[in-house]
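Only one structure is covered here, and it is reproduced in the block below.
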Amino acid sequence: MIAQNPRTLADLKASAKATVLSLQGEPAVQQRLAEMGLTSGRQIRMVRVAPLGDPYQIEVLNYHLSLRRRECECVLLATDPA
Amino acid sequence: MATTQATSESLPVIALLGNPNAGKTSAFNMLTGLRRQVANYPGVTVEKASGIIRHNTTKLEVLDLPGAYSLTARSPDEFVVTEILLGHRDDTKPLDAAVVVIDATNLERNLFLASQVLEAGLPTVIALNMTDIAERRGIQIDSDKLADKLGVPVIPIVASTGKGRVALIEAIEKAIGGDKPSPICDWPDAVNQSVEALSAEISKRNGAIGPVTPYELRRCLLDANGEMERKLLASHPDSRALAEFVSEQREKIKASGHSPANLEAEIRYASIADIVSGCLKRTPNTEPTRSERLDNLLTHRVLGTMIFVAVMTITFISVFSWAAPLMDGIEAMFGALAGWVHAALGEGLLATFLTDGVIGGVGSVLVFLPQIMILIALITLLEDCGYLARAAFLMDRVLRVFGLGGRGFVPLLSSFACAIPGVMATRTIECPRERLITILIAPLMACSARIPVYTIFVAAFIPQRMVLGFLPLQGLVFAGMYFFGIVAAAVAALVFRSVLEGRAPTPFILELPSYKKPSIKLILWRSLDRGKVFIQSAGTIILAMSMIIWALLYFPRPADLETKVRGDMQQAGITEPVKIENAVAGEYLRNSYMGRVGKAIEPAVKPLGWDWKIGMATLASFPAREVVVSTLGIIYNLGAGADEESTALRQKLQSATWPDGRKVYNIPVVLSIMVFFALCCQCGGTVAVIKRETNSWKWAAVAFSYMTILAYVGALVVYQVGIRVS
Ligand SMILES: Nc1nc2c(ncn2[C@@H]2O[C@H](COP(=O)(O)OP(=O)(O)OP(=O)(O)O)[C@@H](O)[C@H]2O)c(=O)[nH]1
């Protein structure tokens, strides 16, 4: 089954890994995310979601980063071959 | 200090840059030996810290620039780093070299900023920090190879212990006056063409802009909504045409298949991956790190929340229990000093000025210090071990409802002890709008200076009875005042959120650093540093306000007034000297300028249910709200020593009457006073610190006025509703 909409980082389950496809949304936000290492082709891992459902904790470039759902939705993920 | 300033004119200047948490402050301290001068850069809220490096015959001036992940700037604050690097700030000498402090445990992301700095056209040295932690984690970095690939010296250091200091200083010395590094990445042709076109366009229309470097032009093109673009447009004669030209060029870059927003990161991270591949080795660890296991516990839905509440409660209680004896000690010390001066000089204007004006004023500045320094120490402790970021992670969702963010939690909590360190602690809030709202509402939290005010009125007027059989009414009212402050702050935050809507929100990007052992040195140093900043920025203002209020309460002093009071007392058969002294002091006070102002404003405070005495005591407590208790003490002939535990003062308040014999104080009046004190900005220190942290009198004035108006309206509503209900 191939998902209809492109998956974003916000849909990633806790402890799942994925690859960044591209960024969307406001250019300024895209730029900030890219600078933190969220560039296309990058392996990332969803570590956990905060107890109240937001923000998210992810691992990128071997460090941990917290982003809100709104920013996670700007990160499009590649559909994994698996 | 004057000599340092004079000689530093000719010293070479270097600047330290680095990601937040890369150890820049530690590196600065390692290089300069802890001595630093802090000020604010004019026009922005960025702190300007500088110091001197001394080593053998070497002497250099070093600037500590604010931590940043990137040189991309979308606010004047973020732009400071770029402006200093490029030598464009009039208040800062052009740099002779840049030192980028990078965290060896996080090499790739740290190299992003470094790769930007390499293009700024300054001799650059890389200080590879945290090499000890990297080693422990099995991260091997070949610094020689890295230096080779980057084309600049890379010096491994351990900033916290001072390892590598000499090698770093020698490398900096050698770099000064040397070659500029070459960029590590190539830009696509489309970007280079656009840069050239933009350069031609600008020099064609010329105007006030001098030569603009390709680096700046690229920043202008790539940073959507950036400060560089704003600056170039502003200094150009036809800014609209230039803006159009810039967006045309962006379209061209887009047409060539690159997104201007991500292009820079894609290119830099690609070059970085290339560079790092040959010199970085990580022992791959498949099992979760210690830090991650701790996170499982500390950010757990149930346990994590419980631990969070416990940590915050312990922090908060510690502040109160540790600061209270120190504050009492300071007060006692100044009391003793005043007594000594009084004994040595006797009565008279000079003695009173020295004891009440100067010593009292200095005392009222210093009495804040224990709370400020203990709070800053505890916040630094939480921050340094990594927990503060988790607290922000846990609280973000809650605070967002009010237009705030997770990072606002600790400053707001601190404000329950004292708003001054609370406002100072907002520096960690990245989004300018969130930071401003947090600063503006922090003083509404029920700080410890409100406790004496609530205590005296609750104890004197709220009956000691139980509600529902087990809840003490006095305690409930007290707790209610705390809750009231929180609600007022929440409402104010919502209002500010909609008023300040125009300012673009910054995305919430919060690094969750690995947990680590906190550094005692850093904690002590930060707490001393903030204490110094408080005295510098708030000390003089509080002192000046205290002296003015003192003068208004003291003058005029016609001698016949005292004779008259003494005569009256004699007639009434009162002979105790203390009572007579207090009666004289009370009469002078009622007759003072402040007393007259109090009487003059009585029509304004009458709708609040207040008589002129309350009005005057409230006015006198604008520099520091807790002063109201001792002022009431003097007004009611009990002397200045009356405190919130004083039963005599309680009785005086309970029996105070209007001229027509009605009681002054009843429940609506008492509530109206407490509400006023809950909402009003009666704290010179807070106003001064808001001014310093926002670097503008405007926001200090906004905070002061909105709170004072809110206090008046709040007290008015409470009283008017109260008398109608009761
Ligand atoms: N083990 C170790 N700890 C270090 C080293 N350098 C700095 N630290 C510690 O790292 C923590 C953060 O250091 P800071 O100097 O405050 O970092 P900073 O870059 O100034 O951080 P910001 O103030 O947030 O910009 C402190 O606890 C330091 O003691 C190092 O080389 N080794």
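So the sequences go chain by chain: Y and L.
Once you know that position 54 of the first sequence is 72 in our numbering, the rest is easy, because the numbers rise by one and skip nothing.
Once you know that position 666 of the second sequence is 670 in our numbering, the rest is easy, because the numbers rise by one and skip nothing.
Note that CB positions come from ideal geometry on N, CA and C, so glycine has one too.
Beta-carbon spacing of residue i, residue j below 8 Å
i	j	result
residue 500 of chain L	residue 424 of chain L	no
residue 653 of chain L	residue 640 of chain L	yes
residue 406 of chain L	residue 73 of chain Y	no
residue 36 of chain L	residue 56 of chain L	yes
residue 83 of chain Y	residue 112 of chain L	no
residue 308 of chain L	residue 77 of chain L	no
residue 202 of chain L	residue 172 of chain L	no
residue 482 of chain L	residue 677 of chain L	no
residue 409 of chain L	residue 512 of chain L	yes
residue 68 of chain L	residue 20 of chain L	yes
Neighbour list for residue i in chain Y, Cβ cutoff strictly below 9 Å
i	result
residue 74 of chain L	49, 50, 53 and 54
Beta-carbon contacts of residue i that lie in its chain and below 6 Å, excluding the five residues immediately before and after
i	result
residue 222 of chain L	199
residue 115 of chain L	276
residue 432 of chain L	411
residue 48 of chain Y	41
residue 616 of chain L	602, 603 and 606
residue 342 of chain L	359 and 363
residue 611 of chain L	720
residue 27 of chain Y	90 and 93
residue 367 of chain L	338
residue 625 of chain L	631, 632 and 686
Other residues of its chain near residue i: CB distance less than 8 Å, five sequence neighbours each side excluded
i	result
residue 324 of chain L	421 and 452
residue 471 of chain L	477 and 480
residue 31 of chain Y	64
Simplified DSSP assignment, three categories, for residue i
i	result
residue 20 of chain Y	Note that residue 20 of chain Y scores a pLDDT of 49, beneath 50, so its modelled location is shaky and nothing firm can be said.
residue 188 of chain L	coil
residue 615 of chain L	coil
residue 74 of chain Y	strand
residue 8 of chain L	Because the pLDDT of residue 8 of chain L is 43, which lies under 50, any placement of that residue in the model is unreliable, and the number read from its coordinates should be weighed accordingly. Reduced to three states, the DSSP call for residue 8 of chain L is helix.
residue 44 of chain Y	coil
residue 65 of chain L	strand
residue 133 of chain L	strand
residue 54 of chain Y	coil
residue 100 of chain Y	The predicted model places residue 100 of chain Y with a pLDDT of 46, which falls under 50 and marks its position as unreliable; any figure quoted below should be read in that light. The answer is coil: DSSP assigns residue 100 of chain Y none of H, G, I, E or B.
residue 125 of chain L	coil
residue 268 of chain L	helix
residue 22 of chain L	strand
residue 84 of chain Y	strand
Closer than 8 Å at the beta carbon, the chain Y residues around residue i
i	result
residue 146 of chain L	Neighbours of residue 146 of chain L on chain Y: none; closest Cβ ~18 Å, over 8 Å.
Contact list for residue i against chain L, beta-carbon separation under 9 Å
i	result
residue 91 of chain Y	Those do not exist, as residue 91 of chain Y stays about 11 Å from chain L at its closest Cβ, beyond 9 Å.
Where the alpha helix (DSSP H) through residue i begins and ends
i	result
residue 2 of chain L	There is simply no residue 2 of chain L to check, as chain L begins at 5 and stops at 730 in what is shown.
residue 36 of chain L	28-36
residue 81 of chain L	80-89
residue 457 of chain L	454-465
residue 316 of chain L	307-349
residue 502 of chain L	477-503
residue 54 of chain L	No alpha helix (DSSP H) contains residue 54 of chain L, which is instead part of the beta strand (DSSP E) from 51-59.
Per-residue contacts from residue i into chain L (C-beta, under 8 Å)
i	result
residue 75 of chain Y	299, 303, 397 and 516
Contacting residues, own chain, Cβ-Cβ under 7 Å from residue i (five flanking each side not counted)
i	result
residue 416 of chain L	426, 442, 446 and 449
residue 262 of chain L	192 and 194
residue 685 of chain L	447, 691, 707, 708, 711 and 712
residue 561 of chain L	592
residue 146 of chain L	283
residue 168 of chain L	159, 160, 161 and 162
residue 285 of chain L	144
Chain Y contact residues for residue i, given Cβ-Cβ distances below 7 Å
i	result
residue 733 of chain L	Nothing about residue 733 of chain L can be read from this structure; chain L reaches only from 5 to 730.
residue 273 of chain L	55 and 57
residue 511 of chain L	47, 50 and 89
residue 412 of chain L	Ordered by position in chain Y, no residue passes the 7 Å Cβ test against residue 412 of chain L, which lies about 14 Å from the chain.
residue 406 of chain L	Per Cβ cutoff of 7 Å: no residues; residue 406 of chain L is ~14 Å from chain Y at best.
Start and end residues, beta strand (DSSP E) containing residue i
i	result
residue 64 of chain Y	61-67
residue 101 of chain L	101-107
residue 285 of chain L	284-286
residue 724 of chain L	Residue 724 of chain L -> not in any beta strand (DSSP E); alpha helix (DSSP H) instead, spanning 701-729.
residue 407 of chain L	Element bounds for residue 407 of chain L: n/a, residue is neither H nor E.
residue 515 of chain L	513-516
Cβ-heavy atom distance, residue i to ligand 2, below 7 Å
i	result
residue 28 of chain L	Ligands in the displayed structure: ligand 1; ligand 2 is not one of them.
Chain L contact residues for residue i, given Cβ-Cβ distances below 7 Å
i	result
residue 41 of chain Y	266
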